[in-house]
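A.B. asks:
There are 2 protein chains.
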Amino acid sequence: MSRYFVSYYSTRLSTTMDEVIVYPIPAALYLIKNLLQYYIFAYVDAPGYQILKNLNTVSTGVLYQLILKKKLSQIQWAAFILLCAGCTTAQLNPSSDHVLQTPLQGWIMAIIMALLSGFAGVYTEAIMKKRPSRNVNVQNFWLYVFGMVFNAVAILIQDFDAVMNKGFFHGYSLITTLMILNHALSGIAVSMVMKYADNIVKVYSTSVAMLLTAVVSIFLFGFHLSLAFFLGTVVVSVSIYLHYMGKPPK
Amino acid sequence: MSRYFVSYYSTRLSTTMDEVIVYPIPAALYLIKNLLQYYIFAYVDAPGYQILKNLNTVSTGVLYQLILKKKLSQIQWAAFILLCAGCTTAQLNPSSDHVLQTPLQGWIMAIIMALLSGFAGVYTEAIMKKRPSRNVNVQNFWLYVFGMVFNAVAILIQDFDAVMNKGFFHGYSLITTLMILNHALSGIAVSMVMKYADNIVKVYSTSVAMLLTAVVSIFLFGFHLSLAFFLGTVVVSVSIYLHYMGKPPK
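Pasting the structure below:
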């Protein structure tokens, strides 16, 4: 009987102001981060941006430790630095060194974006875990309702004319629809990772996904395996091993 | 009195056949490795060879564990793989991927050279440590006497005509002399590392020397710091930290 009650309680949509008030924060942080993404390309090219995105790993680790007060062991910290270095190594290409010439504004924007993204991730985890019995889809609902509200405001400000003239769905193709579906599914998956695992698991799985995507590209698109990719994969693999080995004793 | 006796005993040059018989082995191994070095360039270019030389790190670690029966902890093994990957990453340049096109003969030669070099290193350590009270310079003397004998034979076979026509010291310049002096001093240093530390310390210090040389080159020769060099240095630094952290409890 008590179990049924918990289950009923956890899937209800109606909720207290006290609970809902926290959900707009990650949505706002992600909005700012996503808007910054358009401006940073004035300072770095796309491959350079891919490399700078690896700063997310570091910021997530630091904020995770600071805010959630969960301790990573020293070995796990070493593993985390390796994860970041290994992913970046795997993405190296002959023009990667351009990123070292990024102007100061570009670096500052990249660091702000990394902090916003890391903070939003850690904050989301805190929200998702605060009420362990609340259904993850309900939590996701509130998270994305505010995401929709904020993005609607951004559309009104930035693209009002375009939407009025050509309609909201102008330019949508099959690929666009599939991309949206993909993002929606990965949004659900990420929320589940936040609730049942943590940001560290998310960062590791994102990195492995990046490497697997590259391996699949070899077969699908004839990409060449570079020595840098091989070395980066070795470093990421050792990092995963060390993260597991370095678990603090309970 | 007893201390004086040990000291006298340990610096005497005259020794039993039983002790000297082991010294020709590393000399012969190094000779074969050095001769192979001339042939491998038929299959790889100089930057590719520099990259393949990192296989030495792996072979030294494996043979160290197998022959000397000293256990590295799992964390130290992970650190060792990282050392190898980090050094290779630091040496990456836009043409490094050529090394992946090395023909099978080149790979086999590189692996044989790595095994010879690793085995010679581990064997030398075993010799140097077998008689802890024997003076390191005496041990070095015997090691290099056989090196001189073997190389004299190689000169007789390969360069007899050139030496007879132009003399042994033809082409020696100040730089040549300084190089010889440098090699002689590093030979003494390596023997001391073998006697008082071990092959693992040697491999780590060689790697750090490689990185420091590159950093010095930035100031002396205006080399550009590449992103790959930076990432490789991060990985090597973490590797050194992990090697220290992962020491098996005594």
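If you're matching them up, the sequences are chains D and V in order.
The first sequence maps to residues 34 to 283 in the working numbering.
The second sequence maps to residues 34 to 283 in the working numbering.
Glycine included, C-beta positions come from ideal geometry on N, C-alpha and C.
#1: List the residues of chain D that V:GLN107 touches, going by C-beta distances under 7 Å, in chain order.
#2: With distances taken between CB atoms, is the gap from D:SER106 to D:PRO281 smaller than 8 Å?
#3: Cβ closer than 8 Å: which chain V residues qualify as neighbours of D:PRO127?
#4: How big is the Cα-Cα spacing for V:LEU116 and V:SER219?
#5: Determine whether the beta carbon atoms of D:PRO57 and D:PHE202 lie at a separation below 8 Å.
#6: Return the residues of the stretch 144 to 171 of chain D that lie within a Cβ-Cβ distance of less than 8 Å from chain V, sorted by chain order.
#7: Whose CA, out of V:ASN170, V:THR90, V:LEU69, lies closest to the CA of V:VAL241?
#8: Determine, using beta carbons only, whether D:ASP130 comes closer than 8 Å to chain V.
#9: Identify whether D:VAL55 lies in helix, strand or coil by the three-state DSSP scheme.
#10: Listing by chain order, which chain D residues have their CB less than 8 Å from the CB of V:ALA111?
#11: Please confirm if V:THR49 has its CB atom under 8 Å from at least one CB of chain D.
#12: Taking 8 Å as the CB-CB cut-off, is D:VAL268 touching chain V?
#13: Taking C-alpha atoms, which residue in D:TYR277, D:LEU148, D:THR239, D:LYS104 lies nearest to D:ASN67?
#14: Measure the C-alpha to C-alpha separation of V:ILE251 and V:SER238 and round it to an integer number of angstroms.
#15: Since D:MET225 and D:LYS235 should fall inside the 8 Å C-beta cutoff, what is the C-beta to C-beta distance between them, to a whole number of angstroms?
#16: D:THR93 to D:LEU245, Cα distance in whole Å?
#17: Where does D:LYS102 fall in DSSP's three states?
#18: Any beta carbon of chain D sitting closer than 8 Å to that of V:LEU116?
#19: Taking 8 Å as the threshold, find out whether the stretch 76 to 88 of chain V comes into contact with the stretch 138 to 152 of chain V through three or more Cβ pairs.
#20: Classify D:ALA185 as buried or exposed, calling it buried when 16 or more other Cβ atoms lie within 10 Å of its own Cβ.
#21: Does any CB atom of chain D fall closer than 8 Å to the CB of V:SER259?
#22: Verify whether the separation of the beta carbon atoms of D:TYR63 and D:ALA153 is less than 8 Å.
#23: I need the straight-line Cα distance from D:ALA123 to V:LEU258, nearest angstrom please.
#24: Residues in its own chain within less than 6 Å of D:VAL55 by CB, not counting five upstream and five downstream?
#25: Please go through the same chain and pick out, in chain order, the residues whose beta-carbon is closer than 6 Å to the beta-carbon of D:ALA261, but skip the five residues on each side of it.
C.D. replies: Based on what the coordinates show:
#1: In chain order: MET278.
#2: Taking 8 Å as the Cβ cut-off, D:SER106 and D:PRO281 qualify as a contacting pair.
#3: Within chain V, the residues whose beta carbon sits less than 8 Å from that of D:PRO127 are PRO127, listed in sequence order.
#4: Answer to the nearest angstrom: the Cα atoms are 22 Å apart.
#5: Taking 8 Å as the Cβ cut-off, D:PRO57 and D:PHE202 do not qualify as a contacting pair.
#6: If the cut-off is 8 Å between Cβ atoms, the stretch 144 to 171 of chain D has nothing near chain V.
#7: Of the listed residues, the one whose Cα sits closest to V:VAL241 is V:THR90.
#8: Taking Cβ atoms only, chain V reaches closer than 8 Å to D:ASP130, which makes this a yes.
#9: Under the three-state reduction of DSSP, D:VAL55 is assigned to coil, being neither helix nor strand.
#10: Within 8 Å Cβ-Cβ: VAL271, TYR274, LEU275, MET278.
#11: No, its Cβ sits nowhere closer than 8 Å to a Cβ of chain D.
#12: Closer than 8 Å: yes.
#13: It is D:LEU148.
#14: Looking at the two C-alpha atoms, the distance is approximately 20 Å.
#15: About 10 Å; that fails the 8 Å criterion.
#16: Distance from the CA of D:THR93 to the CA of D:LEU245, rounded to the nearest whole angstrom, comes to 22 Å.
#17: Look at D:LYS102 here: in three-state DSSP terms it is coil, with no helix or strand label.
#18: No, V:LEU116 does not count as interfacial toward chain D.
#19: Yes, the stretch 76 to 88 of chain V is in contact with the stretch 138 to 152 of chain V.
#20: The residue in question, D:ALA185, is exposed, as its Cβ has fewer than 16 Cβ neighbours within 10 Å.
#21: Chain D, which has a Cβ nearer than 8 Å to the Cβ of V:SER259, makes this yes.
#22: It is a contact, given that the beta carbons lie within the stated cut-off.
#23: Rounded to the nearest whole angstrom, the CA to CA distance from D:ALA123 to V:LEU258 is 18 Å.
#24: Only ILE160 meet the Cβ criterion.
#25: Correct list, in chain order: THR122, LEU125.
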